[in-house]
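Down below is the structure, laid out as structure tokens.
Here's what the structure looks like:
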């Protein structure tokens, strides 16, 4: 039975695969003014990515946009049009939808707002009318009130600044703005995407359809989701559960309290639902719940880079006594165990590390991390991680702690520390996360940012703070514990 | 009675005021090698700050450090020496202390580690010996195992990169590293200090002495404290309570759990104590408890800039629908109220703000914040804050949301948004915090960083995230509520 359901879902999800592979895209609502919102928000990014070969701006007034002819209407376009991105006023969309049907368009992204989210009866009626035309004409709709699709491989995008590289993370986001911030935060942390879908009011394609699709998408290994509300809670529970059986799902639910719910209604016309019910649905499905865009990315990084853990025992190794105290606190507060190293491990460490200004009990505070990175990687990390009582390692150093004049004196020091961390983490036999906390000065930020991709390619997650590292690993462990217990 | 206790404390705390005003400072353990740790960590910053006019490097071997003669010993120095900063090995400190007594030195900072924090009987005995010499010779000790004093006004510092400007925040820190990160994070957020004291093992001057001093220091309006452990819990409870009666105290306790306590013992020889007891002491005293360096700075910013609040009602005004949902969630999660705006206020707003893509219920999502900052400050902010149901405002915008090509198109846009926020916040009749969240791209970070001081001087706290703003304001409100109830 499960097998046949799987096949059913696969079949169904494949149904919408074509929306990610349009041969040609038209963008309606482009004018020839340079500051035209639809032009620079929706059309320009497609042109800049340069993968979609046939791009047609549309406007009944005609004209030209950065060298591209603006067509007066769909009928004027010679070949087939697979996807239309719509940025014209809401009241004009039914007419355009009829033209789409006539042209044989397969999918429409409705960027346009002013539908059910403004909570007037007329606007709701308009949304229903547009959906009805689409259903009869066999067109699938994304939105309204959304940014649509970002798929680096096929060149669909809604921001020129997004990474052109594909990656293993799929992302569905009910909010256009939060999809943009999520992608930018993730890109900056080294994460690339298979497909991102901003789906707004979800009048047709909704979170369930999209989760089902991503569940069976071979290009997606991890799913993150920003959701404000669902219309069919029962279906959502079932789909979420089935999706988690195929790959990890990280859920960021927007609209928790009274004011949050008020906002989701105005934002995407969503009923936020009770927070307790959401918590139950997410827990029962075995998904992971997060509470911010940053946390969503933190947790995704752990899933991307770390093998399934055996337990929740962590060794904290770093430079800085005060930083070590904070590291221990953050790990325990997140729910990890920081077990004391056995005396024989400690005495191995004391043999080659100066006793003054160091400690060895876990946290391990070792100056070698800074002053002798080579020996650190080969000895300290190895000795600690050889102990079976350890499942993870956090490698940290308070970069700002290195007094300014030290860095001024030894210009290469920063790069040496960062490279030393990369090497140590790579040599570490246990899954290892790295954090350089805090980074307030621009030279530290730039030094770490410039190496972000190296860490990512080496499979080492880098976190902006001890807490974010500890919390991400704790949620990762929790997920695997709940999987083992059959959710 | 209270009055006389106050006077007693004042008298006592004035006793140590001289340690912040040395006429001359000697630094022991400087060698003439450029990469000499004591030289570049302790001596160079004093020289670079250039306020202390008489600085004497010390080393029995003599020599020269960057143009300064290294004296062979204290007796060789012609005039009086008020303060000696000690960076020689622990075993040699008793002899140096005797020389200090002979020279009439008033205070000693023991940077040197290898005393009680390494938890050996010999090291503890050495610490006791040093203290005994100091007591008999009338010398006060900071440390051992500490960075000492940063006092911009009198030129004492342990990092060249610290701000040379004085400010109203006093900071005591048991950890040297955490004092450095705390100062750097605070400086970057616009906060300047009256006095910072890194006091390490606290063999002589401890957190109680320093709190008492800062409580009566006219240059200090707000106190922040990083503490790992106290030796006399009863005295600490009393001093903390008395200090809170004079000014707000924000406490960051390091060493919460099992591993944390293990670390504080190795780090500063401190008994971490039970977390529950600490929580009780802090709450009974009416101090504010925080859990990270960043949170410490977040909360300090609220105290620096905001008048005592009437209640916990906040209006969230920004650009971005998804961002507004998250803002509402974060405020409610932090314990603030986000009350719905009355219909008459909403209808005033709808009169001049386009309905599509905006909402007005609180959160208020208004595109004017970006597209017409002038009208935004004069109209939106004014209408909302005139309503008596609001005690605070958070002004926010998801800067990363502005699609890259928009910023490319309009290079001045970022500065206009940031300046518009500054103007709006300044015109706001209600206390207003600002957040540009998130900022991952370098151009956004730089644009906001470059204006940080303008906001600070205008008395507007700027937060790195919605959560940090909401949490800081919530703790600020909580403090004032507990003050009103007599703690």
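Chains as they are written, first to last, in my numbering: chain A, 1 to 487; chain B, 1001 to 1487. Cβ coordinates follow ideal geometry from the N, Cα and C atoms, glycine included. Computed from a prediction, not measured in an experiment: that's the story for all the values here.
If you count every other CB in all the chains shown that lies within 10 Å of the CB of residue 178 of chain A, and 16 or more means buried, which is it?
Residue 178 of chain A should be labelled buried.
For residue 295 of chain A and residue 241 of chain A, the rounded distance between their alpha carbons:
Looking at the two C-alpha atoms, the distance is approximately 22 Å.
How about residue 301 of chain A: is its C-beta nearer than 7 Å to some C-beta of chain B?
So, not an interface residue.
Give a yes or no on whether the C-beta atoms belonging to residue 1142 of chain B and residue 1205 of chain B are separated by under 7 Å.
Cβ atoms of residue 1142 of chain B and residue 1205 of chain B: closer than 7 Å.
How big is the Cα-Cα spacing for residue 1453 of chain B and residue 440 of chain A?
As the crow flies, the alpha-carbon of residue 1453 of chain B is around 15 Å from that of residue 440 of chain A.
For a contact meaning CB atoms closer than 9 Å, what does residue 1045 of chain B contact in chain A?
The contacting residues are 403, 404, 405.
What residues of chain A sit near residue 1333 of chain B, judged by a beta carbon separation below 8 Å?
Within 8 Å Cβ-Cβ: 256, 257, 291.
Chain B within 7 Å of residue 237 of chain A, Cβ atoms only:
For residue 237 of chain A, the answer is no, since every Cβ of chain B falls outside 7 Å of its Cβ.
Is the segment 17-24 of chain A touching the segment 78-86 of chain A in the sense that three or more CB pairs, one from each, lie closer than 8 Å?
Contact between the segment 78-86 of chain A and the segment 17-24 of chain A is established, with three or more Cβ pairs separated by less than 8 Å.
Residue closest to residue 227 of chain A, alpha-carbon to alpha-carbon, out of A:203, A:192, A:264, A:218:
Checking every option, the nearest Cα to that of residue 227 of chain A belongs to A:264.
Could you check what DSSP says for residue 83 of chain A in three-state terms: helix, strand or coil?
Correct three-state label for residue 83 of chain A: strand.
Can you tell me which residues form a DSSP beta bridge with residue 1151 of chain B?
Answer is B:1156, bridged to residue 1151 of chain B.
Three-state secondary structure (DSSP) of residue 1264 of chain B:
Helix.
If we ignore side chains and look at the alpha-carbon of each, how far apart do residue 262 of chain A and residue 114 of chain A end up?
Straight-line Cα distance between these residues: approximately 17 Å.
Can you tell me whether DSSP reads residue 1430 of chain B as helix, strand or coil?
In this structure, residue 1430 of chain B counts as coil in the three-state DSSP scheme.
Check for me: the beta strand (DSSP E) holding residue 142 of chain A runs from which residue to which?
Secondary structure note for residue 142 of chain A: its beta strand (DSSP E) is the uninterrupted segment 140-142.
Which residues of chain B have a Cβ atom closer than 9 Å to the Cβ of residue 160 of chain A, listed in chain order?
Going along chain B in sequence order, the residues near residue 160 of chain A (Cβ under 9 Å) are 1403, 1404, 1405, 1408.
Check this for me: beta carbons of residue 1375 of chain B and residue 1360 of chain B, under 7 Å apart or not?
For residue 1375 of chain B and residue 1360 of chain B, no; Cβs fall outside 7 Å.
Beta-carbon separation of residue 475 of chain A and residue 316 of chain A under 7 Å?
Against a cut-off of 7 Å, the Cβ pair of residue 316 of chain A and residue 475 of chain A comes out as no contact.
Of the choices A:103, A:91, A:138, A:105, whose alpha-carbon is the least far from that of residue 116 of chain A?
Residue 116 of chain A has its Cα closest to that of A:91, out of A:103, A:91, A:138, A:105.
Please decide whether residue 1064 of chain B counts as near chain A, where near means a Cβ-Cβ distance under 7 Å.
Closer than 7 Å: no.
Less than 8 Å between the CB atoms is what I'm expecting for residue 384 of chain A and residue 393 of chain A, so what's the real figure, rounded?
Right, the Cβ-Cβ distance comes to about 7 Å (below 8 Å), so this counts as a contact.
In whole angstroms, give me the CA-to-CA distance for residue 1318 of chain B and residue 1365 of chain B.
So the alpha carbons of these two residues sit roughly 5 Å apart.
In chain A, which residues lie with their C-beta within 7 Å of the C-beta of residue 1440 of chain B?
Here the neighbours are 184, 185, 188.
Is DSSP giving residue 58 of chain A helix, strand or coil here?
It is a strand residue.
Extent of the continuous alpha helix (DSSP H) run through residue 443 of chain A
Following the DSSP letters along the chain, one finds residue 443 of chain A inside the alpha helix (DSSP H) bounded by residues 442-457.
Chain A contact residues for residue 1338 of chain B, given Cβ-Cβ distances below 7 Å
By Cβ distance, chain A contributes 259.
Taking the alpha-carbon positions, what's the residue 1293 of chain B to residue 94 of chain A distance?
Roughly 55 Å separates the two Cα atoms.
Roughly how far, in whole angstroms, is the beta-carbon of residue 377 of chain A from the beta-carbon of residue 427 of chain A, given that I think they are within contact range, below 8 Å?
Cβ atoms of residue 377 of chain A and residue 427 of chain A come within 8 Å of each other, at about 5 Å.
So, using beta-carbon positions, are residue 30 of chain A and residue 57 of chain A closer together than 7 Å?
Result yes, Cβ atoms of residue 30 of chain A and residue 57 of chain A sit closer than 7 Å.
Looking at the C-beta of residue 274 of chain A, does it have a partner C-beta in chain B at a distance below 7 Å?
Not a single CB atom of chain B sits nearer than 7 Å to the CB of residue 274 of chain A.
Any idea what DSSP makes of residue 256 of chain A, helix, strand or coil?
DSSP places residue 256 of chain A in coil when its eight states are reduced to three.
Note down the Cα distance separating residue 1408 of chain B from residue 151 of chain A, rounded to an integer number of angstroms.
Answer to the nearest angstrom: the Cα atoms are 22 Å apart.
Going by DSSP, name the residue or residues bridged to residue 64 of chain A.
Bridge partners of residue 64 of chain A: A:69.
Against chain B, does residue 164 of chain A count as a neighbour if the rule is that its beta carbon must be under 7 Å from one of theirs?
Among the residues facing chain B, residue 164 of chain A is not included, as its CB has no counterpart in that chain under 7 Å away.
If the cut is a Cβ gap below 7 Å, which residues of chain B does residue 180 of chain A touch?
Per Cβ cutoff of 7 Å: 1400, 1401, 1403.
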